[in-house]
Amino acid sequence: MKIIKVTSPQDGSRYAYRLLTEAIDNGAKVLGLATGSTPLGLYRLMCEDKRDYRSLISVNLDEYVGIQPDNPQSYHYFMRTHLFSAKPFKQTYIPDGTNPNAAAATKQYDQILAANPIDLQILGIGQNGHIGFNEPGTAFDSKTHRVRLTESTIAANSRFFSDQSAVPRYAYTMGLGSIMQAKQIILLAFGKAKAAAIHQMTQGKVTPAVPASLLQKHQNATVIVDKEAGSQLA
Ligand code: GLP
Numbered sequence: 262m263k264i265i266k267v268t269s270p271q272d273g274s275r276y277a278y279r280l281l282t283e284a285i286d287n288g289a290k291v292l293g294l295a296t297g298s299t300p301l302g303l304y305r306l307m308c309e310d311k312r313d314y315r316s317l318i319s320v321n322l323d324e325y326v327g328i329q330p331d332n333p334q335s336y337h338y339f340m341r342t343h344l345f346s347a348k349p350f351k352q353t354y355i356p357d358g359t360n361p362n363a364a365a366a367t368k369q370y371d372q373i374l375a376a377n378p379i380d381l382q383i384l385g386i387g388q389n390g391h392i393g394f395n396e397p398g399t400a401f402d403s404k405t406h407r408v409r410l411t412e413s414t415i416a417a418n419s420r421f422f423s424d425q426s427a428v429p430r431y432a433y434t435m436g437l438g439s440i441m442q443a444k445q446i447i448l449l450a451f452g453k454a455k456a457a458a459i460h461q462m463t464q465g466k467v468t469p470a471v472p473a474s475l476l477q478k479h480q481n482a483t484v485i486v487d488k489e490a491g492s493q494l495a
């Protein structure tokens with residue numbers, strides 16, 4: 262795992278953008294994309310550039326269950342607003358949060374992943390070390406599954422909702438096993454709230470208690486941290 266320390270989130274986004282465009286120039290066709298505030302700078306750079314993304318496919322990590330794609334809190338809406346409306350892709354996939362049948366929804370997504378192996382996966386990280394919505398305790402070989410969000414994730418994500426009770430309790434997420442299949446991974450973390458998670462994932466032991474620690478076993482993972490997120494690193 263390569264750790265890149267940058268001075269600011271802007272520099273981190275620029276660094277990630279450079280890696281992403283290099284990967285595309287080297288033939289990457291399927292991008293694994295993430296939501297959250299962290300990748301916004303990267304998506305902004307993608308929106309502003311002159312590149313055409315219409316030959317690429319995107320596969321998103323996760324979606325809340327029980328939320329419509331036109332709901333502004335949905336990850337469908339997020340991706341449309343921050344990337345896809347400015348930069349159309351050939352095809353975009355996001356788990357179907359409107360399907361209450363978890364077995365069917367997750368199986369369908371695994372088929373999509375099998376047909377579209379991810380060349381480059383973009384990740385953020387939760388304060389408890391989650392990636393996608395793979396909360397602590399998730400099996401390392403997990404595929405797409407339905408998760409009950411932890412109270413800390415509900416609290417962290419409530420800033421986007423009217424109040425904490427409005428945050429969905431369940432989500433569909435790509436599994437840790439699926440994320441590890443990506444040929445290349447870039448994880449971004451900015452801000453003090455991520456410092457403990459970054460320390461544990463990069464310098465602690467590989468354990469399901471810190472889902473992101475599994476990335477220590479990936480062959481081509483780059484972790485980009487700003488000063489604050491990297492402040493607990495030795
Ligand atoms: C959510 C998403 C994750 C994201 C995390 C951190 O839980 N499912 O993919 O990494 O939030 O979000 P932020 O980047 O806003 O801190």
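Residue numbering for the sequence shown follows my numbering, beginning at 262 and increasing consecutively.
Just so you know, even glycine gets a beta-carbon here, dropped at the ideal spot from N, CA and C.
Measure how close the beta-carbons of residue i and residue j come, nearest whole angstrom, since I'm counting them as under 8 angstroms.
{"i": "Ala-443", "j": "Ile-392", "result": "Rounded, the Cβ-Cβ distance is 11 angstroms, inconsistent with contact."}
{"i": "Ile-264", "j": "Thr-463", "result": "6 angstroms"}
{"i": "Tyr-336", "j": "Asn-321", "result": "6 angstroms"}
{"i": "Phe-394", "j": "Asp-323", "result": "5 angstroms"}
{"i": "Asp-487", "j": "Thr-268", "result": "7 angstroms"}
{"i": "Tyr-314", "j": "Gly-358", "result": "Contact doesn't hold; Cβ gap of about 24 angstroms is too wide."}
{"i": "Pro-356", "j": "Ala-366", "result": "6 angstroms"}
{"i": "Leu-494", "j": "His-460", "result": "6 angstroms"}
Look at the alpha carbon of residue i and the alpha carbon of residue j, and state the distance between them as a whole number of angstroms.
{"i": "Gly-273", "j": "Ala-376", "result": "31 angstroms"}
{"i": "Pro-429", "j": "Asn-481", "result": "33 angstroms"}
{"i": "Leu-476", "j": "Ser-319", "result": "21 angstroms"}
{"i": "Gly-297", "j": "Gly-385", "result": "7 angstroms"}
{"i": "Leu-374", "j": "Arg-420", "result": "30 angstroms"}
{"i": "His-406", "j": "Val-291", "result": "21 angstroms"}
{"i": "Ala-427", "j": "Glu-489", "result": "30 angstroms"}
{"i": "Asp-496", "j": "Met-441", "result": "The chain is shown from 262 up to 495; residue 496 falls before or after that span and cannot be answered."}
{"i": "Leu-344", "j": "Tyr-338", "result": "10 angstroms"}
{"i": "Leu-317", "j": "Gln-352", "result": "7 angstroms"}
{"i": "Gln-388", "j": "Thr-468", "result": "16 angstroms"}
{"i": "Lys-466", "j": "Leu-306", "result": "34 angstroms"}
{"i": "Gly-293", "j": "Tyr-354", "result": "9 angstroms"}
{"i": "Thr-414", "j": "Ile-485", "result": "22 angstroms"}
{"i": "Asn-360", "j": "Pro-397", "result": "25 angstroms"}
{"i": "Gly-302", "j": "Arg-275", "result": "8 angstroms"}
May I ask you to report which of helix, strand or coil DSSP gives residue i?
{"i": "Tyr-314", "result": "coil"}
{"i": "Thr-353", "result": "strand"}
{"i": "Arg-409", "result": "strand"}
{"i": "Gln-382", "result": "strand"}
{"i": "Ser-269", "result": "coil"}
{"i": "Thr-367", "result": "helix"}
{"i": "Ala-295", "result": "coil"}
{"i": "Glu-489", "result": "coil"}
{"i": "Ser-439", "result": "helix"}
{"i": "Asp-286", "result": "helix"}
{"i": "Thr-359", "result": "coil"}
{"i": "Thr-434", "result": "strand"}
{"i": "Gln-425", "result": "helix"}
{"i": "Ile-239", "result": "In the structure displayed, the chain extends from 262 to 495; residue 239 sits before or after that span and is not available."}
{"i": "Leu-448", "result": "strand"}
{"i": "Ser-319", "result": "strand"}
{"i": "Asn-418", "result": "helix"}
{"i": "Thr-463", "result": "helix"}
{"i": "Lys-263", "result": "strand"}
{"i": "Ala-495", "result": "coil"}
Does residue i pass the burial test, meaning 16 or more other C-beta atoms within 10 Å, or should it be called exposed?
{"i": "Thr-342", "result": "exposed"}
{"i": "Gly-288", "result": "exposed"}
{"i": "Ser-439", "result": "buried"}
{"i": "Lys-498", "result": "With the chain running from 262 to 495 in the structure shown, residue 498 is simply not present."}
{"i": "Ala-450", "result": "buried"}
{"i": "Ala-470", "result": "exposed"}
{"i": "Gln-382", "result": "buried"}
{"i": "Lys-455", "result": "buried"}
{"i": "Pro-300", "result": "buried"}
{"i": "Ala-295", "result": "buried"}
{"i": "Gly-491", "result": "buried"}
Residue list, Cβ distance to the ligand GLP heavy atoms smaller than 6 angstroms: In chain order, the hits are Ala-295, Thr-296, Gly-297, Ser-298, Thr-299, Leu-322, Asp-323, Gly-385, Ile-386, Gly-387, Gly-393, Phe-394, Thr-414 and Asn-418.
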